[in-house]
Every structure is written in C-alpha cells, then in structure tokens.
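Peer 1:
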Amino acid sequence: MRIAQSLAYSIAYHIACRIACRIACHIACRIACRIAQILARRIACHIACGIAHRIACHIACRIACRIARRIAYHIAYGIAHRITCHIACCIACRIACRIACRIACRIAQRLASRIAHCIA
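Sequence positions in the sequence shown follow my numbering and run 3 to 122.
1. Enumerated in chain order, which unbroken segments of the beta strand (DSSP E) with a length of 3 residues or greater are wholly contained in the stretch 5-70?
2. Using the C-alpha atoms, what's the distance from A58 back to C67?
3. Can you grab the Cα-Cα spacing for the pair A50 / H60, in whole Å?
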C-alpha cells in the first residue's frame, strides 16, 4: 500500500510538475515575447527616427546650401557688376576727357592762330 501511495504521489508530483512547468514556460514565453515586441518597436522606431532625421537634415542642408549659393552668386554678381561698371566708367571718362582735351586744344590753337594772324 505504501509503495502504491508512494508511486501515486510520485506520478501526481511529476504530472503537477510538468503542468506547472508548462504554465510557467508559457507565461515566461508570453512575457518575453511582449518585452521583445516592445523592444523591437522601440528599436525600430529609434532607427526609423534616426534615418528620418538624417534624411531631413540632409535635405535641409542641401536646400540651405542652394539658397546660400544663390545669395552668394547674387552678391558676387552685384559686386562684380559694380566693379566692372566702375572700371568701364573710369575708362570711358578718361577717353572722353582726352578727346575733349584734344578738341579744346585744337580749337584753342586755331583761335590763337587766327588772333595772331589778325594782329599781324
């Protein structure tokens, strides 16, 4: 009788252990699965955010670069235009002054020769 009881107890204990083990494994598996899902979502979200941030930064940088280039081009063009206009104006002014000076000189020479001719 004791052997039968001992066997029954051992079998019951073994069955109870297996049931408890399966329940505990199932619960642990579900908890681990949820933790893994949460971590995976957070990691995926973090990676996606990082990628989106880099893409947005790259796009913003390119746009800012293009705007800066256009502004720099307009400023440089304006400066170059003013410099070339100033140089061209100076050259034209010198040429005009020389021409006017030569014309005035010739007129003065002609007037002087006429006056000298009239006096003589």
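The C-beta atom is built at its ideal place from N, Cα and C for all residues, glycine as well. A quick note: this is a predicted structure, and the numbers were derived from the prediction, not measured.
Peer 2: So, to answer that:
1. Runs of the beta strand (DSSP E) inside the stretch 5-70: none found.
2. In the sequence shown, counting from the first residue as 1, residue 67 sits at position 65. In the sequence shown, counting from the first residue as 1, residue 58 sits at position 56. CA-to-CA, the gap between C67 and A58 works out to about 14 Å.
3. The residue labelled residue 50 in the question sits at position 48 within the sequence shown. The residue labelled residue 60 in the question sits at position 58 within the sequence shown. Whole-angstrom Cα-Cα distance: 15 Å.
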